[in-house]
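Everything below concerns the one structure shown next.
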Amino acid sequence: MPEKYDLIIVGGGISGASLLYAVSNFTDIENVALFEKEDEIAAVNSHHTNNSQTLHFGDIETNYTLEKAEEVKEGAELLAGYLENHDPDREMHSKRSKMVLAVGDEEVRELETRYEDEGFGDLFPKLRAIGRDEIEELEPKVVEGRDPDERLLALQTSDGYVVDYGETSESFVREAQARDGADVYTGTKVTKLVDRGTGFSVETAEGQFRSDAVVVAAGSHSLQIAKEMGYGENMSLLPVAGSFFLANDMLNGKVYTLQMKKLPFAAVHGDADVHDDSITRFGPTAKVVPALERGRLSTVGDFFDVFELNADSILSYANILSDRILLPYVLRNLVYDVPEVGKQAFLPNVQKVVPTAEIDDIERAKGYGGVRPQIVDTDAKALDMGEATIAGDNIIFNITPSPGASTCLKNAMNDAQRVVEFLGDDYEFDEEGFRSETIGHFPRLDA
Ligand SMILES: Cc1cc2nc3c(=O)[nH]c(=O)nc-3n(C[C@H](O)[C@H](O)[C@H](O)COP(=O)(O)OP(=O)(O)OC[C@H]3O[C@@H](n4cnc5c(N)ncnc54)[C@H](O)[C@@H]3O)c2cc1C
Numbered sequence: 007m008p009e010k011y012d013l014i015i016v017g018g019g020i021s022g023a024s025l026l027y028a029v030s031n032f033t034d035i036e037n038v039a040l041f042e043k044e045d046e047i048a049a050v051n052s053h054h055t056n057n058s059q060t061l062h063f064g065d066i067e068t069n070y071t072l073e074k075a076e077e078v079k080e081g082a083e084l085l086a087g088y089l090e091n092h093d094p095d096r097e098m099h100s101k102r103s104k105m106v107l108a109v110g111d112e113e114v115r116e117l118e119t120r121y122e123d124e125g126f127g128d129l130f131p132k133l134r135a136i137g138r139d140e141i142e143e144l145e146p147k148v149v150e151g152r153d154p155d156e157r158l159l160a161l162q163t164s165d166g167y168v169v170d171y172g173e174t175s176e177s178f179v180r181e182a183q184a185r186d187g188a189d190v191y192t193g194t195k196v197t198k199l200v201d202r203g204t205g206f207s208v209e210t211a212e213g214q215f216r217s218d219a220v221v222v223a224a225g226s227h228s229l230q231i232a233k234e235m236g237y238g239e240n241m242s243l244l245p246v247a248g249s250f251f252l253a254n255d256m257l258n259g260k261v262y263t264l265q266m267k268k269l270p271f272a273a274v275h276g277d278a279d280v281h282d283d284s285i286t287r288f289g290p291t292a293k294v295v296p297a298l299e300r301g302r303l304s305t306v307g308d309f310f311d312v313f314e315l316n317a318d319s320i321l322s323y324a325n326i327l328s329d330r331i332l333l334p335y336v337l338r339n340l341v342y343d344v345p346e347v348g349k350q351a352f353l354p355n356v357q358k359v360v361p362t363a364e365i366d367d368i369e370r371a372k373g374y375g376g377v378r379p380q381i382v383d384t385d386a387k388a389l390d391m392g393e394a395t396i397a398g399d400n401i402i403f404n405i406t407p408s409p410g411a412s413t414c415l416k417n418a419m420n421d422a423q424r425v426v427e428f429l430g431d432d433y434e435f436d437e438e439g440f441r442s443e444t445i446g447h448f449p450r451l452d453a
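Throughout the sequence shown, residue numbering follows our numbering, covering 7 to 453 in sequence.
Below you can see the structure in the form of structure tokens.
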């Protein structure tokens, strides 16, 4: 007989791992299994070399509306609280200054309006508007070499959590396995999911398993699996790879630039690495690629499964990529990965943050970077911002471009609630207990 679980989670990145933690520690679900195709937990986008390590609160991300920032903020506070509670020695995170920098009259006006009139100053009480002198105190290299008459303004906060999402995923798994009933299968790919009506059969390289409910948290592959099961018809993906450039000791914390309007990708920023503050990372770049995972040729075919080569997908791509802001941006980003030429082309992005940076100061970080599965709405023929969830009968699919790592515990909380509803009246999610272990430890300004 195949082994039977109440819940199976497909994918052991930060999304799957945080859900495993939520259901194992805060519900009465007794048997849950997580399957991860790689030998390690969080080997793909959640690995610390593959993303920007930012805990996005929505305070310095100038592409977020106030509504989006409110939504993301709670997710970030849940994770920040978890880190404060479980990582006192800062092995999986560090906490530094974080700011978004406006340069010149136009950008300064934009940032002032955002802070004073649009409600961001009220929503984020720790966010301060600071001028040239204070910017210089916190980040001397941001000011060095600039025209003294050029106006500078930054929105700065002490909530600059820099997170190793891979280590954090492992911590979630450890916490879950400290309870009975959480099985974790690494190096075990789920090859097929079949809805039997009375539960799911889950085929893997280790044999077949059964489960009453399933959550697919397989990054870009979630949509591929969803489509195989007849879900996600009006969706496709624009996979956007991100690379990083490294420099020595340029910044003390995180410095974002203002977001280019209409772009769903985070603005290029500079920040000190989570584990080594003498390394400054600049990026990410945004290169459109026909693959679901970075450097994995085998995922090119997976991309075409998601793309489906139908008229709606092709028209959506044509519409998105012909945009007069997106197209030049996409073309420029293609160059950044070309050896030598790429470095030269990327340098102005670094100089926006550190004006005195020179070509020899930066190196492309080999082997760094992941792929963001930007969601394409094939009905609207447009890009969707942020993550997507497809909820089916006793099954959920999560597709998680940025800020998917920041909001992992909020997504886990919502999914844990849905999963107990799937399983029936005998099951409950202890949201109060979950909040007390996580957001309950987030340091408020008055504390
Ligand atoms: C360049 C870049 C910068 C980013 N910066 C940030 C940032 O600063 N802050 C932020 O919050 N987010 C950021 N993100 C987004 C963030 O990395 C993702 O949202 C997050 O890692 C998604 O986690 P996940 O667990 O959903 O997916 P993943 O980490 O991709 O994990 C999915 C897992 O599923 C596994 N899997 C897939 N198919 C199967 C299968 N069939 N069977 C078993 N296992 C399977 C994979 O091996 C993988 O381990 C960034 C992303 C990129 C690429």
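Glycine included, C-beta positions come from ideal geometry on N, C-alpha and C.
Here the structure is a predicted model, which is why all the values come from computation and not from measurement.
| Query | Result |
| --- | --- |
| Do K260 and G193 have their C-beta atoms within less than 8 Å of each other? | no |
| Would V382 and L243 qualify as a contact pair, given that the criterion is a beta-carbon distance under 8 Å? | yes |
| What is the C-beta distance between N31 and A182, in whole angstroms, given that I count them as a contact (C-beta under 8 Å)? | 6 Å |
| May I ask whether a heavy atom of ligand 3 can be found less than 7 Å away from the beta carbon of S100? | Looking at this structure, you won't find ligand 3 anywhere; what it does contain is ligand 1. |
| So, for R152: in the same chain, excluding its five sequence neighbours on each side, which residues have a beta-carbon less than 8 Å away from its beta-carbon? | V109, L158 and P361 |
| Is there contact here, the region 321–341 with the region 391–401, by at least three beta-carbon pairs under 8 Å? | no |
| Let's test the definition: count the other Cβ atoms within 10 Å of the Cβ of S304 and tell me whether it reaches 16, buried, or not, exposed. | exposed |
| Closest to L199 by CA distance: which of K101, M98 and K233 is it? | K233 |
| Would the region 423–430 and the region 95–112 be scored as touching if the rule is three or more Cβ pairs under 8 Å? | no |
| Can you name, in chain order, every residue of its own chain whose Cβ lies under 6 Å from the Cβ of L451, other than the five neighbours on each side? | P131 and K132 |
| Give me whichever residues DSSP pairs with G446 in a beta bridge. | According to DSSP, which records beta bridges pairwise, G446 is partnered with nothing at all. |
| Given this structure, state the Cα-to-Cα distance separating E173 from I285, to the nearest angstrom. | 19 Å |
| Using only the alpha-carbon positions, how far apart do V106 and E113 sit? | 11 Å |
| With respect to 7 Å, is the separation between the Cβ of Y171 and the closest non-hydrogen atom of ligand 1 below this value? | yes |
| When the Cα atoms are used, what is the spatial distance from A48 to D111? | 43 Å |
| Go ahead and label T119 buried or exposed: buried means 16 or more other beta carbons lie within 10 angstroms of its beta carbon, across all protein chains shown. | exposed |
| Would the beta-carbon of G236 be found less than 7 Å away from any heavy atom of ligand 1? | no |
| Who are the near neighbours of L84 in its chain, counting only those whose CB is closer than 6 Å to its CB and skipping five residues on each side? | L415, K416, T444 and I445 |
| Is K358 buried or exposed, if buried means 16 or more other CB atoms sit within 10 Å of its CB? | buried |
| Would you kindly work out how many angstroms separate the C-alpha atoms of A135 and D170, rounded to a whole number? | 28 Å |
| Just list the residues that DSSP pairs M241 with in beta bridges. | D383 |
| For F448 versus E90, is the C-beta distance shorter than 8 Å? | yes |
| Would a C-beta distance cut-off of 8 Å place G289 and G248 closer than the cut-off? | yes |
| Any heavy atom of ligand 1 closer than 7 Å to the beta-carbon of P146? | no |
| Is F63 helix, strand or coil when you go by DSSP? | coil |
| Is S328 near ligand 1, judged by its Cβ being under 7 Å from some heavy atom? | no |
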